[in-house]
Amino acid sequence: MSVVVSTENLSKAYKAGFWKTKTISALDRLNLEVRENEIFGYLGPNGAGKSTTLKLLMSLIHPSSGKAEILGKPVADLSIRRHIGYLPENPYFYEYLSAEEFLSYYASLFDFSLAEIRTKVEYFLKLTDISHARKLQLHKFSKGMLQRVGIAQALINDPKIVFLDEPMSGLDPIGRREVRDLILLLKKEGQTVFFSTHILNDVEVLCDKVAVLNRGKLIGSGHLTDLISQEVSHIEIVVSNINFETVSQAVGSSAKISHSGMTLRLELRADTPLAPLVTRIENAAGKVLAINPVRQTMEDYFFKLINRDAIPEGKPSIVSTNNS
Amino acid sequence: MIVIPIAKNTFKECVRDKVLYNLVIFGVLIIASSLVLSSITIGEVKQIIVNLGLSTLSVFGTLIAIFIGIQLVFKEIDKKTIYSLLAKPVARHEFILGKYFGLTLTLLVNILVMLLGIYISIFYLRHSFQLADLQILLAAMLILIELMLVIAIALFFSTFSTPVFSALFAFCLYVIGHFSSDIRQYGLSSDSFAIKILSGCLYYLLPNFQNFEIISQTAHGQFLATRLYLLSVLYGLVYSAGLVLLAILVFQRRNFK
Amino acid sequence: MNHLFKICLLAVCLGIYWIQSAIDQKIGLFCSTEEVLYLPSANVIKKLSLGHNGLLADIYWMRAVQYYGGKRLKNERHFDLLEQLIEIATTLDPKLLHAYRFGSVFLAENEPIGANQPEEAIALLRKGIEHNPEEWQLHRDVGFIYYWFLNDYKKAAEAFLEGSKNPRAAIWMKTFAAELLAKGGSRQTARFLWQEVYQTSENQQMKDNAREHLMRLTAEEQIETLQVLIEKVQPRIGRKISSLDELVGLGFFKKRPVDPKGFAYILNSTTGKVGLSPASTIRRY
Chain A
455 MSVVVSTENL
465 SKAYKAGFWK
475 TKTISALDRL
485 NLEVRENEIF
495 GYLGPNGAGK
505 STTLKLLMSL
515 IHPSSGKAEI
525 LGKPVADLSI
535 RRHIGYLPEN
545 PYFYEYLSAE
555 EFLSYYASLF
565 DFSLAEIRTK
575 VEYFLKLTDI
585 SHARKLQLHK
595 FSKGMLQRVG
605 IAQALINDPK
615 IVFLDEPMSG
625 LDPIGRREVR
635 DLILLLKKEG
645 QTVFFSTHIL
655 NDVEVLCDKV
665 AVLNRGKLIG
675 SGHLTDLISQ
685 EVSHIEIVVS
695 NINFETVSQA
705 VGSSAKISHS
715 GMTLRLELRA
725 DTPLAPLVTR
735 IENAAGKVLA
745 INPVRQTMED
755 YFFKLINRDA
765 IPEGKPSIVS
775 TNNS
Chain B
4 MIVIPIAKNT
14 FKECVRDKVL
24 YNLVIFGVLI
34 IASSLVLSSI
44 TIGEVKQIIV
54 NLGLSTLSVF
64 GTLIAIFIGI
74 QLVFKEIDKK
84 TIYSLLAKPV
94 ARHEFILGKY
104 FGLTLTLLVN
114 ILVMLLGIYI
124 SIFYLRHSFQ
134 LADLQILLAA
144 MLILIELMLV
154 IAIALFFSTF
164 STPVFSALFA
174 FCLYVIGHFS
184 SDIRQYGLSS
194 DSFAIKILSG
204 CLYYLLPNFQ
214 NFEIISQTAH
224 GQFLATRLYL
234 LSVLYGLVYS
244 AGLVLLAILV
254 FQRRNFK
Chain C
2 MNHLFKICLL
12 AVCLGIYWIQ
22 SAIDQKIGLF
32 CSTEEVLYLP
42 SANVIKKLSL
52 GHNGLLADIY
62 WMRAVQYYGG
72 KRLKNERHFD
82 LLEQLIEIAT
92 TLDPKLLHAY
102 RFGSVFLAEN
112 EPIGANQPEE
122 AIALLRKGIE
132 HNPEEWQLHR
142 DVGFIYYWFL
152 NDYKKAAEAF
162 LEGSKNPRAA
172 IWMKTFAAEL
182 LAKGGSRQTA
192 RFLWQEVYQT
202 SENQQMKDNA
212 REHLMRLTAE
222 EQIETLQVLI
232 EKVQPRIGRK
242 ISSLDELVGL
252 GFFKKRPVDP
262 KGFAYILNST
272 TGKVGLSPAS
282 TIRRY
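Taken in order, these protein sequences are the chains called A, B and C. Sequential numbering from 455 applies to the first sequence in the numbering used here. Sequential numbering from 4 applies to the second sequence in the numbering used here. Sequential numbering from 2 applies to the third sequence in the numbering used here.
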């Protein structure tokens, strides 16, 4: 699969302060690659530089140094814009236009005939489920609906690559599910999707590759399957109808046992033989409710990276929510 | 060209602006009121209609040109509508040109509406038209060229400045531009070499709005010589082009954070 | 609560009306003497007009007309600001012909009709000529003022002659100049001029003014005729005639002679002079 997006030492620094003497580095020597038909997840805490990266790719801002290419051409090249779509963060569109007028306007910026424009507008109005509001002026749209219009305008030209900046923001669970399905649909149709987010769960479900950004620097990247070990980190067993001591005996000292309502939760090492344990529990009249092999999650990986990045400067590490 | 859909969209945006509507209607009302004036003055009423009509056209046109012109670029950046637009195959210079011509088109329509008001008033007065009345149309066209220059000024400031400052600068330039001959006179009559050079530079650098002063003459039925008229039109177009180019240059270097 | 606010609003509206009326009353008393303070210089206004000098000229001319009209309505005799207002209008728009022409009339006419400033009227017209050399009628107006209000027949003739040089000028200007030099201030010439003004004026006010002058001239002629008649008759009948009715009795007239406005002439028995009735509205100078 060919490389469709690539950056080489891409950097952006801003001059700040009243006399413009301070330099703030928003992005520091970013090197990444996105291949064709990938769903690429771009992660990072707020302020990490994700939007900056996207804006550099869209040529909305000019790099301080380094370069970026899309479909083999420099990002400033106008011709590549026919093949890309972009959804900005917190999008805002022309309030005096209706949804239909807006999409038609954007569609007219490409070389489509009037008939083609009409078909496309119809299609995307339906796809993003805003047909019912087509004649409504955009200033009357809710945030969620605006997000959907935004996606529609990003896809209106059937782009080869779609760049989405926080596409799930402002959406309710139904909306998020819809966007997720849409991204998967795009992949199925051969398109490439590059999206930035700070919702890790979405990344796990959707992405082929991820990159993690923190404070302007890339601190980790790779295929999802590589980063999140397929190996089981530990096994979790949920039991009931058995008391603590009995279980303790059966399981041994290496396991962790915790109460969870009427049940007991056991955390065992991954290589623990399960069959004899189950038998022992059942012999003690206990019930095994669940056996879960636990793998490292995206969240685990993310916080590991962030903490690692934070420590050399003596800053307190971010507290993670589980104990791996 | 991409400029056309952007210009069309800008036109749509202006036309849906309520302030614009009110200004145009108000302008037409003022022009109509000139018919009442015959009872409180002595002399040719047609002269008054033309003076009042063209002056109204000019003043209101200038107000619209400045107040909408300063928003042209700023609003798009401020409301972030520009982000999704520039990700489309739209070159930055096409964006600027589209905005410029969109507002120009809007003003052209406004001028035509007010011109209609003037001609209706004259017809109501005289029940006939003369060939000389065509001069009013030509005068209005020169005013349009003047307004295109004002738009260019406002647009230029809009590419890097907030509306308040843009309005301020634009107004200042407009007013100073009407005193161009004084600047020149000052330099010519001064003994200081430095002042001569400075005033000369200022005279040619600043937009000379006195080139477009045509209303009084038109009211008297005396018109500019053809050559002078064409030169004035050319001045307006060339200077506007220069400012639009400047705007494009500034805009191309901008970062949209 | 809402009602209270509405009542307050009504009270405010009435209050504003009352206060403004009170202010207007106060100002009204002193209006005329404070007039002069607020007229800016013509050149300053022109500079500030930003190319709209035509419109401002129209506005100042309108103010001049209203000023003049207002004064006439109140029967006031002083038109102090008139010259300045016209000056501003003509500086803003040097081609404002009607300001020169009508303005010079307002300025030149005797009180209470005008400002009684014929010299200033001529100066105004000369300014008009400077900026509008092709307008021959301005020369005619200059000539007229010299003739009628300043009684300077030589200068009047010069002006008419100057004006006649323009190929579009009225034909009579040249011959009239010659006649003026020869005959001076005859009633014939006066009548001719006022007749010309009456016929060529498109403005009703000007026409009425000319008609008043013509009627005055007719009255003067009639008075002269009556005077001559009385002088002729008295020696014949051997006594002094004490009233014009006697002339009727003597069969010279069918009824008492009246002036063009219908008022009977009277004979002052002490001085023996015929004159206008005190009630007559024929214009007196």
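Idealized CB from N, CA, C, for every residue including glycine.
query                                                                                                                 : result
Enclosing beta strand (DSSP E) for A:Glu523 [first to last residue]                                                   : Ser519 to Ile524
Contiguous alpha helix (DSSP H) assignments of at least 4 residues, all confined to the region 668-707 of chain A     : 678-681 and 698-705
Residues in the region 39-64 of chain B having any Cβ partner in chain C nearer than 9 Å                              : Leu40, Ile43, Thr44, Ile45, Gly46, Glu47, Gln50, Ile51, Val53, Asn54, Leu55, Leu57, Ser58, Thr59, Ser61 and Val62
Residues that A:Val742 bridges to, as DSSP identifies them                                                            : A:Val693
Residue-chain proximity (A:Tyr548, chain B), Cβ-Cβ < 8 Å                                                              : yes
Whole-angstrom distance between A:Asp635 and A:Ile628, CA atom to CA atom                                             : 11 Å
Short CB-CB distance (under 8 Å) between B:Tyr122 and chain A                                                         : no
Per-residue DSSP class, three states only, for C:Glu110                                                               : coil
Cutoff 6 Å; reference C:Gly144; Cβ partners in own chain excluding five residues on either side                       : Ala157, Ala160 and Phe161
Proximal residues to A:Ile515 (C-beta, below 8 Å), its chain only, five neighbours per side dropped                   : Lys466, Thr506 and Lys509
Close beta carbons around C:Gln303, own chain, < 6 Å, minus the five adjacent residues each side                      : Nothing in the structure corresponds to residue 303 of chain C, since chain C is present only between 2 and 286.
Cβ neighbour criterion (16 or more within 10 Å) applied to B:Gln50                                                    : buried
CB contact flag (A:Leu660, A:Ile637, <8 Å)                                                                            : yes
Chain A contact residues for B:Ser87, given Cβ-Cβ distances below 8 Å                                                 : Tyr540, Leu541, Pro542, Pro545, Phe547, Tyr560, Gly604, Gln607 and Ala608
Interface positions of the region 99-119 of chain C facing chain B (Cβ-Cβ less than 8 Å), listed along the chain      : His99, Ala100 and Phe103
As assigned by DSSP and simplified to three states, the class of C:Glu136                                             : coil
Residues near C:Arg64 by beta carbon distance below 7 Å, same chain, minus five either side                           : Leu86
Where B:Ser193 meets chain C, residues with beta-carbon distance less than 7 Å                                        : Ordered by position in chain C, no residue passes the 7 Å Cβ test against B:Ser193, which lies about 19 Å from the chain.
Bridge-paired residues (DSSP) for A:His713                                                                            : A:Leu718
A:Val457 versus A:Glu490, A:Tyr468 and A:Lys469, residue with shortest Cα-Cα distance                                 : A:Glu490
Outcome for C:Ala183 when other beta-carbon atoms lying within 10 angstroms are tallied against a minimum of 16       : exposed
Members of the region 556-582 of chain A that neighbour chain B once the beta carbon cut-off is set at 8 Å            : Tyr559, Tyr560, Ser562, Leu563 and Phe564
Where B:Ala222 meets chain C, residues with beta-carbon distance less than 7 Å                                        : Gly55
C-beta atoms of B:Ile34 and B:Ile139 nearer than 8 Å                                                                  : no
Boundaries of the beta strand (DSSP E) in which A:Val488 is found, first to last residue                              : Lys476 to Arg489
Supposed close pair A:Ser687, A:Ala724 - CB separation, criterion 8 Å                                                 : 6 Å
Cβ neighbours of C:His214 in the same chain (closer than 6 Å, five flanking residues each side left out)              : Trp195
Minimum Cβ-Cβ distance from C:Lys96 to chain B less than 8 Å                                                          : yes
Simplified DSSP state of B:Lys15, which is helix, strand or coil                                                      : helix
Segment contact, 8 Å Cβ cut-off, at least three pairs: the region 86-93 of chain B with the region 531-538 of chain A : yes
Of the listed residues C:Thr176, C:Ile20, C:Gln223 and C:Gly239, nearest to C:Phe264 (C-alpha basis)                  : C:Gln223
Reference B:Ser161; option with closest CA among B:Val76, B:Leu66, B:Phe259 and B:Val236                              : B:Val76
Endpoints, the alpha helix (DSSP H) within which C:Val198 is located                                                  : Arg188 to Thr201
Simplified DSSP state of A:Pro747, which is helix, strand or coil                                                     : strand
A:Phe595 versus A:Ser558: straight-line alpha-carbon distance, rounded                                                : 17 Å
Three-state class that DSSP yields for A:Phe649 in the structure shown                                                : strand
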